[in-house]
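Undergrad:
Chains as they are written, first to last, in the numbering used here: chain A, 91 to 291; chain B, 87 to 244.
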């Protein structure tokens, strides 16, 4: 008997095996990108500051959320959907800075824009320990959204570009970077979060 | 003439499927590479809220997650329905957050520590009390870059 040639391996079922694996990975794959609201926490304080800097009432946009998820803005109960407009109005303020109910102005030197009056606005957010996380995120979202919209309008008016254009261009162009930082200096995002109250429990 | 005769007598040739396994393998590798297996088993129920002003989280290796929510149904008999914090694979209390932050920092390249983000994945029905406790602990640990995990939506409702 002569030596037989090695029999060829039947590769016909290879496709089936590959299909099986393919379907497994197809089913288990989740292509979700993680998204969220990025915030910066204030640095820790060792001791209570004895004389906290006084902030005038007219410069503060007060937002209170209670344990029943009700919103009180500047003493008026409003809905979350109305918060953005109210916050925008406050952030933009009065162009002459004379209206006593709107924040004061402070002359500031800003590159590209020169010495201009910048509003001393601060948004103060206080919630209760019983407030739902969903409501908290909605309020945060509306406040951030208000700042974003104000900045967007300003960038369009002054530089004729959108914030997104400035952000994408900032890496390559120094002018874009300066314009972006100027917009941020005119409308700095000041959201101050007070320690939550505990009345709802 | 015999040449032509031969052609006439032939049936429709079968489609060559020899390349089929190659195509399937190619797809297989694509999905194998893109698949991310979930690295932690969730012990708490988390349905993140929706927001419009969201950013994408970049550099996933620099992101650590803190889960907050009520225990899943199977674990409710044992742990109750009060909101809990989950770090890695286990339930934790707020005291565990500082060691957790330090542990995560040790695993990261020292040059990249300032870029680390702590993402809070809290359930939309969780109460702010526990979320605030977590935030205060993060402040104490000097982990100031945080992210509230939310889904993107076009419009929020009351």
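By construction, the Cβ of each residue, glycine as well, lies at the ideal position given by its N, Cα and C atoms.
In this text the structure is predicted, and so the values were computed from the model without any measurement.
Run through DSSP, which three-state label would residue 120/B get?
TA: The residue given as residue 120/B occupies position 34 in the second chain. Helix, per DSSP.
Undergrad: Residue 130/A CB to nearest chain B CB: under 8 Å?
TA: Position 40 of the first chain, counted from the start, is the residue given in the question as residue 130/A. Cβ-Cβ to chain B under 8 Å: yes for residue 130/A.
Undergrad: If distances are taken between C-alpha atoms only, which option among 161/B, 211/B, 159/B and 221/B comes closest to residue 180/B?
TA: Taking the first residue of the second chain as 1, we reach residue 180/B at position 94. Out of 161/B, 211/B, 159/B and 221/B, 221/B has the C-alpha closest to the C-alpha of residue 180/B.
Undergrad: Is residue 291/A helix, strand or coil by DSSP?
TA: Start at 1 with the first residue of the first chain, and residue 291/A comes out as number 201. Since pLDDT at residue 291/A reaches only 46, below the 50 mark, its modelled position is unreliable, and the value read off the structure follows with that caveat. Residue 291/A: coil per DSSP, three-state reduction.
Undergrad: Does residue 109/A come out as helix, strand or coil in the three-state DSSP assignment?
TA: Taking the first chain and counting its residues from 1, the one referred to as residue 109/A is at position 19. Helix at residue 109/A.
Undergrad: Between the C-alpha atoms of residue 219/A and residue 171/B, what's the straight-line distance to the nearest angstrom?
TA: Along the first chain, one-based indexing puts residue 219/A at 129. Along the second chain, one-based indexing puts residue 171/B at 85. Approximately 16 Å, taken between the alpha carbons.
Undergrad: Cβ closer than 8 Å: which chain A residues qualify as neighbours of residue 110/B?
TA: The count along the second chain starts at 1 and reaches residue 110/B at position 24. Those are 105, 108, 109 and 112, listed as they occur along chain A.
Undergrad: Is any beta-carbon of chain A found at less than 8 Å from that of residue 223/B?
TA: Position 137 of the second chain, counting from 1, holds the residue named residue 223/B. No, no contact with chain A.
Undergrad: Looking at the structure shown, is residue 125/A part of a helix, part of a strand, or coil, going by DSSP?
TA: In the first chain, residue 125/A corresponds to position 35, counting from 1. The answer is strand: DSSP assigns residue 125/A an E or B state.
Undergrad: Just confirm the distance between the C-beta atoms of residue 143/B and residue 203/B, as a whole number of angstroms; I'd bet it's less than 8 Å.
TA: Position 57 of the second chain, counted from the start, is the residue given in the question as residue 143/B. Position 117 of the second chain, counted from the start, is the residue given in the question as residue 203/B. With a Cβ gap of about 7 Å, residue 143/B and residue 203/B count as contacting.
Undergrad: Short check: CB of residue 234/B to CB of residue 127/A, under 8 Å?
TA: Along the second chain, read from residue 1 onward, the residue named residue 234/B stands at position 148. Along the first chain, read from residue 1 onward, the residue named residue 127/A stands at position 37. Yes, the pair counts as a contact, with Cβ atoms nearer than the cut-off.
Undergrad: Have a look at residue 189/A and residue 135/B and give me their C-alpha separation to the nearest angstrom.
TA: For the purposes of this step, residue 189/A is identified with residue 99 of the first chain, where counting begins at 1. For the purposes of this step, residue 135/B is identified with residue 49 of the second chain, where counting begins at 1. Residue 189/A and residue 135/B: Cα-Cα distance of roughly 38 Å.
Undergrad: Can you grab the Cα-Cα spacing for the pair residue 182/A / residue 198/B, in whole Å?
TA: On the first chain, position 92 is the one that residue 182/A refers to. On the second chain, position 112 is the one that residue 198/B refers to. Cα to Cα, residue 182/A sits roughly 37 Å from residue 198/B.
Undergrad: For residue 189/A, return the contacting residues in chain B, with the cut-off set at a CB-CB distance below 8 Å.
TA: For the purposes of this step, residue 189/A is taken as the residue at position 99 of the first chain. Those within 8 Å of residue 189/A in chain B number zero; the least Cβ separation is about 28 Å.
Undergrad: What residue range is occupied by the uninterrupted alpha helix (DSSP H) comprising residue 215/B?
TA: Your numbering for residue 215/B matches position 129 in the second chain. Segment 214–226, the alpha helix (DSSP H) holding residue 215/B.
Undergrad: Using the Cα positions of residue 133/A and residue 252/A, report the straight-line distance between them to the nearest angstrom.
TA: Position 43 of the first chain, counting from 1, holds the residue named residue 133/A. Position 162 of the first chain, counting from 1, holds the residue named residue 252/A. The straight-line gap from Cα to Cα measures roughly 32 Å.
Undergrad: If I'm right that residue 241/A touches residue 193/A with Cβ under 8 Å, what's the distance once you round it to whole angstroms?
TA: The residue you call residue 241/A lines up with position 151 of the first chain. The residue you call residue 193/A lines up with position 103 of the first chain. About 16 Å; that fails the 8 Å criterion.
Undergrad: Which residues does DSSP list as the beta-bridge partners of residue 199/A?
TA: Here residue 199/A corresponds to residue number 109 of the first chain, with the count starting at 1. Answer by DSSP bridge pairing, in chain order: 205/A.
Undergrad: Whose Cβ in chain B lies nearer than 7 Å to the Cβ of residue 227/A?
TA: Numbered from 1 along the first chain, position 137 holds the residue referred to as residue 227/A. Within chain B, the residues near residue 227/A are 135, 137, 234 and 236.
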